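Everything on this sheet refers to the single structure shown next.
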Amino acid sequence: MAKILCVLYDDPVTGYPTSYPRDEVPRVDHYPGGQTVPSPEKLDFVPGQLVGSVSGELGLRAFLESLGHTLVVTSDKEGPDSVFERELPDAEIVISQPFWPAYLTAERIAKAENLRLAITAGIGSDHVDLSSAIERGITVAEVTYSNSISVAEHVVMMILALVRNYIPSHKWVLDGGWNIADCSARAYDLEAMDVGTVAAGRIGLAVLRRLKPFDVKLHYTDRHRLAPEIEKELNATWHPDAESLVRACDVVTINAPLHPETENLFDDALLAKMKRGAYLINTARGRIVNRDAVVRALESGQLAGYAGDVWYPQPAPADHPWRGMPHHGMTPHTSGTTLSAQARYAAGTREILECYFQGRPIRPEYLIVDGGALAGTGQHSYSTR
Ligand code: NDP
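My numbering applies: residue 2 is where the sequence shown begins, and numbers increase by one.
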């Protein structure tokens, strides 16, 4: 029987919810492009419940225990005395979420002698050392598309929040003020701006599609060009690299995976090539941008605003410089873990587990590493050192 080690974020400080603001989440059957949503044989939770936190257990306990397996759920993931490190050596399956990542480093993988499967309940498996997983024959799978639209909506929200100067304006209200000039001295219209995405995969393309009705000029860079009919539909300009894109854009959003090609991509040199007063939105991964270069660019005015929900490490320490830098709209890593998204990635996690225990193949679109190599989605979107 297998031991499944599941690392989830903490419950709300007010306790696990007993009621929710809404009675249901709308059902999605297909994603754009036709991929079907997860289809496990059964679900042991009601979509719309908080399943991403420790007490929610991704709705997996009854299912796993009915098969005789052991499920260990914890949020305690850092350091040699953490529950995660103590439970890891005999775990066969590790489940983790990018929002509260259990970093599966090369050292930890070396200690995890029984590990066969690492599941990302969400999208983005950069918290797993993919080279070590390849060497050890560990399968890495994620729930592709489960929260791509959730993130795309968050990106659009953050672009508007920065350009329109929403967050400081809201603060004047909370503080009892009516300081219109203070609010408007940094507020612009998005209309007619040049907006570009670094990567036009599932999220990047959804961002482009959502921004089109704002009458902006769209740009993108990606390793593979979009189909000509999509470029035409969006009237989007392709750029051969990030440098060419940032020179042309007022707003840049990053939607690429973190891998050796994208790590530290936005350093002092690339930020200096952006238009003065550009906005940068990063909901991809914190390490795609250089932490201190972003602070410098905001302080000098090279960037007019920075927003996103991804940090390094996660959780970010209380003294992380991004908490106090000027003109930012950061949130904790929340964009892909709405209650709507949780319903899909918890169902996808269960589907992957059902496949694993029944000896059925995992959908190729969920695979990042399999059989000692990058596989499925991983083969398309990732690289290794
Ligand atoms: P996809 O795999 O659909 O898209 C990723 C795109 O990035 C692909 O089109 C890929 O190109 C492109 N790409 C890879 N490397 C480069 C590069 N060096 N330069 C330009 N483009 C590149 O993934 P998603 O859109 O679903 O997700 C993207 C990332 O967003 C995830 O990997 C994750 O890190 C992050 N994410 C964040 C979430 C959050 O909650 N904040 C939630 C979900 C995802 P091609 O395949 O054409 O080679």
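Note that the Cβ used here is the ideal one computed from N, Cα and C, for glycine as well. Keep in mind that this is a model prediction, so the values were computed, not measured.
Own chain residues within Cβ distance below 8 Å of LEU161, not counting five before or after: TYR167 and LEU191
ARG203 beta carbon near the ligand NDP (any heavy atom closer than 7 Å): yes
Per-residue DSSP class, three states only, for PRO27: coil
Inter-stretch contact at 8 Å, needing at least 3 Cβ pairs: the stretch 81-94 / the stretch 318-327: no
Alpha carbon of LYS233 to alpha carbon of TYR367, nearest angstrom: 30 Å
Coarse secondary structure for PRO48, derived from DSSP in three states: strand
Proximity of GLU42 and GLU355 at Cβ, strictly below 8 Å: yes
Check: GLU232 C-beta below 7 Å from any heavy atom of the ligand NDP: no
Segment contact, 8 Å Cβ cut-off, at least three pairs: the stretch 240-256 with the stretch 173-187: no
Exposure of LEU299, with buried meaning 16 or more beta-carbon neighbours within 10 Å: buried
GLN98 in three-state terms, based on DSSP: strand
Candidates ALA294, SER384, VAL14 and ILE282, of which the one nearest GLU154 by Cα: ILE282
C-beta atoms of ILE94 and LEU118 nearer than 8 Å: yes
Proximity winner among HIS381, ARG361 and MET2, relative to ALA257 (alpha-carbon distances): HIS381
Limits of the unbroken beta strand (DSSP E) element including CYS250: Premise fails: CYS250 is in no beta strand (DSSP E) and is neither H nor E.
For HIS220, the residue or residues it bridges with in DSSP: GLY197 and THR238
Best match in ASP223, ALA228, THR238 and TYR189 for proximity to LYS213 [C-alpha to C-alpha]: THR238
Own chain, CB closer than 7 Å to GLY69, minus 5 neighbours either side, in chain order: MET2
Other residues of its chain near GLY123: CB distance less than 8 Å, five sequence neighbours each side excluded: GLN98, PRO99, PHE100, GLU143, VAL144, SER147, ASN148, GLY337, THR338, ALA342 and TYR346
ASP251 Cβ short of 7 Å to the ligand NDP heavy atom set: no
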